[in-house]
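Going down the list, the sequences are from chains A and B.
Under numbering that gives the first Met the number 0, the first residue of the first sequence is numbered 0, with each subsequent residue one higher.
Under numbering that gives the first Met the number 0, the first residue of the second sequence is numbered 0, with each subsequent residue one higher.
Beta carbons are placed, not taken as given, at the ideal position from N, Cα and C, and that holds for glycine.
Everything numeric in this text was worked out from a predicted model, so none of it was measured.
Protein chains: 2
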Amino acid sequence: MRATMIHAARDIRLEEAPAPSVLTPTDAVVRVVRSCICGSDLWPYRGENPTDEPHPIGHEYVGVVEEVGEEVKNVAPGQFVIGGFTYSDNTCEICQAGVHSACLHGGFYGAKDRAGLPVGGCQAEYLRVPLADGTLVATPEMPSDDLLPSLLTLSDVMATGWHAAVSADVREGHTAVVVGDGAVGLCGVLAARELGAERIIAMSRHASRQAIAREFGATDVVEERGEEGAERVRELTGGLGAHSVLECVGTGGSMEQAFAAARPGGRVGFVGVPHGVELPVERMFRKNISLAGGMAPVRRYLPHLVSSVLAGQIAPGAVFDLTLPLDDVAEGYRAMDERRAIKVMLTP
Amino acid sequence: MRATMIHAARDIRLEEAPAPSVLTPTDAVVRVVRSCICGSDLWPYRGENPTDEPHPIGHEYVGVVEEVGEEVKNVAPGQFVIGGFTYSDNTCEICQAGVHSACLHGGFYGAKDRAGLPVGGCQAEYLRVPLADGTLVATPEMPSDDLLPSLLTLSDVMATGWHAAVSADVREGHTAVVVGDGAVGLCGVLAARELGAERIIAMSRHASRQAIAREFGATDVVEERGEEGAERVRELTGGLGAHSVLECVGTGGSMEQAFAAARPGGRVGFVGVPHGVELPVERMFRKNISLAGGMAPVRRYLPHLVSSVLAGQIAPGAVFDLTLPLDDVAEGYRAMDERRAIKVMLTP
C-alpha cells in the first residue's frame, strides 16, 4: 500500500509499505477513506520538532473496517468508523474520567505500541488500529460523501476545538474569545456556539478565515494582536475581558494574548501543543484566571459530535479548503506550511 | 493608638499612630480584637519582597465595629465582625462572580485606597475598613473567647485553604494531596475533609504539624519531598496520582511537587503567592492537568465558614500555636520566621 513518511524537515514522501494486518485480538484494520494534514504535523515538517529517523505520519482518519481481531465486539468489517488521533481502551480509570488522551494503555499513530508492534500513520491507504473497541466509533450507516469532511474533522480538529471550549468552561450566555484562526480555532468558535456562548470574539486577520469564523458563530472579529488585541476585547466586554478564552495555537505570544483577554475569575482552555510557552503565573494568581485543557480526549466527545454531524447540527468540514489525492500529500504539506490552505483533506 | 509598621527587612516596629476615623460614607472603623501574622508577611520580613518605605502591615483581623459611615447598612457599632484580607464591594460583576479578591473597587490593607485615603494595617488597635458593607460579616452575637482563634483564621488562612480545595475541585470520594504544612496547608486539609475527600494526603515532615493535619482529617502523611514524594503519592493512589492537589506554599519546588502528584485529568489548586514559580506547561498539556486558584476571595466563603465555626463543625483555630500581646509583635515575626511557631495570634 501507499503510506506517507516524514524523513526530515520538509521531506515528506509517499512510499510503498506493507499493508497492516491484525496483530493482536483487540486490533482492527481500517481502509482509510479520508485523511488530512494537521497543523501539528507542521511542527516536524518545519523542523521545530526533530525527526531523528524516517517514520510514518498522519493521525486523522475516517474509514471502513476491513478486519477485526477476535476480541473486538463494538465494530465489524464493513462499518464506517471515526477514530481520534490517539487510541485508547475507553475502560481504564483515566478514560472513565474522560481523559482518553492519557489512557493507561493507549498510544499514538506512527509509532510502536506498548508491545513494540508497529502502528502506522493515517496518511496512508490502510491503518492498524489497536484497542479498536475503545477507539473507534461507527456510524449507523454508510455516510454520504458530502458528510465525510465534517466527520473527518471529528478525528482531531473539531474534537480539539470542542475540548478547548469545554476546558475554557464556556457557558450559556457568557463571552468567549478564540485565539487562533486555524482549523482548531475555527472549530473552537463552533464549539463555543454549540455550548451556548452569547458572544464569541474570533481573533483573526485573514478575511477567508474570518468568514468561516462568522459562519461558525463568531459575533465579533478582532484583528489586532497582543496587548492591542486584548484591549479591543476589553472594550467589547465592558472593560472586564472574557469569561472564557480558547487558546488554539500554542505559542508564547498566543498564550499571552489569551491570558490578557481573560477577565478576573476567567478561564483559559488550551489545546495548542505548547512551543516556547511561559505561563503568567503572577497574573493567574492575582486575577484568579485558571488554565485547563491539553491534548484533546477525542474519544470522549466522539459519540456526541458524530450525532451532531449526522443530524446536520454542525458542519465543521468547512475548514477544509483544499482537497488533494494522497499521491500529492507533499504538496498538501507545502500548501499548509505556506498558509495557502487552512487544512488539506486527502482522498485515497 | 499602637500600630505595627515594617521599616525594612527584619525591622518590625510597634509605633504610635493616629487612630483611624470614618473618611467616606461607606467606611467602618473596627476595634481589632484579635489579629495575627501571616506566612505572606514573611516575604517582606525576609526581604524577598522589597520594602521601599515604612508602611503599616497586617491583613487579618476580627473585631468590634466602633463607628460606621452614613451609607453603611449591614453592620452597626457594637457588632462583632470578620473581614477578609482584602476589602471589596460585594456587588460588582467580578464580586458577583465570586472573585472578591479582584473586586473592581476593592483594595488592600496597609496601603492607600483608590481615592488616595489611608487604610492601615491590621496588626494595630483600630482599623479603617473601606466598603464595610461588602467586606465585613457580623456574627449574630458576641462570640465567646474560645471561638476567637477559629474566627480569626477565616480572615485569611482558613478561607485560603478553602479556596485551594475549591480551586482543586475536591469532590466527594476523591483523593486530595496537600502540599505545604503551614497554616494554609493545614486549613486546606480541613477544607478537603469538609468538601468530602475520601483520602487526604498531607505532605509534611514536622511531627507537630502532622498531628494537626491528622486532627483536621488527613488520612495519610507523606514525609518525602520532590519526585520521591510524588512517587509515594502515586503508590498510595494505585499508581495514578491524586485527583486534586492543593498547592499551599508558592515556591517553584512546591508547585513542581504539586503537579507531579496529580493524576492525568487532575487539578492543582494554588493559593501560595508565587515566588520563582515556572509552570510545567508541557506536563499540563500531555496529562490534561489544570491549574486554578490564586488570591482567595475570602468574602465569598465567609458566610459559610462563619456558620461552620459557630456551629462547631470546624475549629481551624488550632493552627495558632503561639499567642502574644501586640506589644511583642516583632517577636511574633521572629518566631514565625524561625519556624518556632506555625502561626502567631496577637491580642490587643
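Cβ-based neighbour list, residue i, same chain, cut-off 8 Å, excluding 5 preceding and 5 following
i, result
"P43/A", "I5, A8, P49, T50, I56"
"V74/B", "A27, V64, V67, V80, A131, D132, L135, A137"
"V21/B", "A27, V28, E66, V67, G68, R127"
"G119/A", "A2, A16, P19, P55, Y108, G109, Y125, L126, R127"
"C91/A", "C102, L103, H104"
"A229/B", "G240, Q256, A259, A260"
"I11/A", "T3, M4, I5, Y44, I56, V328, A329, Y332"
"G106/A", "T85, Y86, D112, R113, V118, P129"
8 Å Cβ cutoff met for residue i and residue j
i, j, result
"H104/B", "A295/B", "no"
"G264/A", "A241/A", "no"
"P347/A", "E140/A", "no"
"T25/B", "V71/B", "yes"
"L235/A", "I200/A", "yes"
"D327/A", "L41/A", "no"
"V169/B", "S253/B", "no"
"G82/B", "R30/B", "no"
"G225/A", "L189/A", "no"
"N121/A", "E47/A", "The residue you asked about is not Asn; residue 121/A is Cys in the sequence shown. For C121/A and E47/A, no; Cβs fall outside 8 Å."
Candidates the options: closest to residue i by CA position
i, options, result
"L153/B", "G311/B, G119/B, M335/B, P302/B", "P302/B"
"R392/B", "V176/B, G184/B, A212/B", "The structure shown does not extend to residue 392/B, since chain B spans only 0 to 347, so no value can be given for it."
"D180/B", "F215/B, D168/B, L147/B, V165/B", "F215/B"
"G97/A", "S143/A, S166/A, A329/A, F319/A", "S166/A"
"A158/B", "V343/B, P139/B, E193/B, P129/B", "E193/B"
"A206/B", "I313/B, R298/B, I341/B", "I341/B"
"G293/A", "T174/A, V308/A, H274/A", "H274/A"
"Q256/A", "R12/A, R333/A, E222/A, A317/A", "E222/A"
"L309/A", "P53/A, R12/A, P142/A", "P142/A"
"I93/A", "S307/B, L146/B, G237/B", "G237/B"
"F284/A", "V270/B, S243/B, P279/B", "V270/B"
"R333/B", "R45/B, V244/B, M0/B", "R45/B"
"D145/A", "E330/A, P315/A, L325/A, A329/A", "P315/A"
"H173/B", "E227/B, G115/B, V244/B", "V244/B"
"A317/B", "R213/B, G115/B, E52/B", "R213/B"
Same chain, Cβ closer than 6 Å to residue i, neighbours up to 5 away in sequence not counted
i, result
"L290/A", "V267"
"G195/A", "E171"
"V156/B", "A182, V183, C186"
"L239/A", "R262"
"H99/A", "S87, P296, R298, R299"
"V272/A", "S39, G249"
"Q209/A", "S203, V220"
"K286/A", "P263"
"A191/B", "A164, V169, A175, I199"
"P324/B", "T346"
Contacting residues, own chain, Cβ-Cβ under 7 Å from residue i (five flanking each side not counted)
i, result
"P76/B", "V64, E65, E66, V67"
"M344/A", "R33, C35, P148, L151, F319, T322"
"R282/A", "F258, I288"
"P117/A", "K111"
"E277/A", "G251"
"R231/A", "V221, E223"
"M0/A", "A16, A18, A123, E124, Y125"
Neighbour list for residue i in chain C, Cβ cutoff strictly below 8 Å
i, result
"G97/A", "Chain labels in this structure do not include chain C; the protein chains are A and B."
request  = Starting from the N-terminal side, write out each stretch of the beta strand (DSSP E) that is 3 residues or longer and does not extend beyond the region 101 to 161 of chain B.
outcome  = Every beta strand (DSSP E) stretch that sits fully inside the region 101 to 161 of chain B and reaches 3 residues is listed by chain position as 125 to 128, 135 to 137.
ask   = Which full runs of the beta strand (DSSP E) of 3+ residues lie inside the region 277 to 316 of chain B, going along the chain?
value = The qualifying runs are 289 to 292.
query = Listed from N- to C-terminal order along the chain, which residues in the region 283 to 299 of chain B have their beta-carbon within a distance smaller than 8 Å of any beta-carbon of chain A?
reply = Cβ contacts with chain A: M283, F284, R285, K286, N287, I288, S289, L290, A291, G292, G293, M294, P296.
Selection of the region 236 to 258 of chain B by Cβ proximity to chain A, strictly under 9 Å = Listed by position along the chain: G237, G238, L239, H242, G249, M254.
Chain-ordered residues of the region 54 to 80 of chain B with a beta carbon less than 9 Å from chain A = Considering only beta carbons, no part of the region 54 to 80 of chain B lies closer than 9 Å to chain A.
message = Restricting to runs no shorter than 3 residues, where is the beta strand (DSSP E) found entirely within the region 7 to 58 of chain A?
response = Runs of the beta strand (DSSP E) lying entirely within the region 7 to 58 of chain A, each at least 3 residues long, are 10 to 15, 27 to 35 in chain order.
Where the region 268 to 279 of chain A meets chain B: residues whose CB sits under 8 Å from a CB there = Answer set for the region 268 to 279 of chain A: F269, V272, P273, V276, E277, L278.
Unbroken stretches of the alpha helix (DSSP H), 4 residues or longer, contained in the region 72 to 98 of chain B = Counting whole runs of 4 or more residues, the region 72 to 98 of chain B contains the alpha helix (DSSP H) stretches 92 to 95.
ask   = At a Cβ cut of 8 Å, what residues of the region 110 to 144 of chain A count as close to chain B, listed as they run along the chain?
value = For the region 110 to 144 of chain A, which is checked against every Cβ of chain B, not one residue is closer than 8 Å.
query = Hey, which unbroken runs of the alpha helix (DSSP H) at 4 residues or more fall wholly within the region 151 to 214 of chain B?
reply = Segments of the alpha helix (DSSP H) lying fully in the region 151 to 214 of chain B: 156 to 166, 182 to 193.
3 or more residues per run - each beta strand (DSSP E) lying fully within the region 227 to 283 of chain B = Qualifying beta strand (DSSP E) stretches, in chain order: 241 to 246, 261 to 269.
query = Along the region 185 to 213 of chain B, what residues have a CB closer than 8 Å to any CB found in chain A?
reply = Taking 8 Å as the upper bound on Cβ-Cβ separation, chain A lies near no residue of the region 185 to 213 of chain B.
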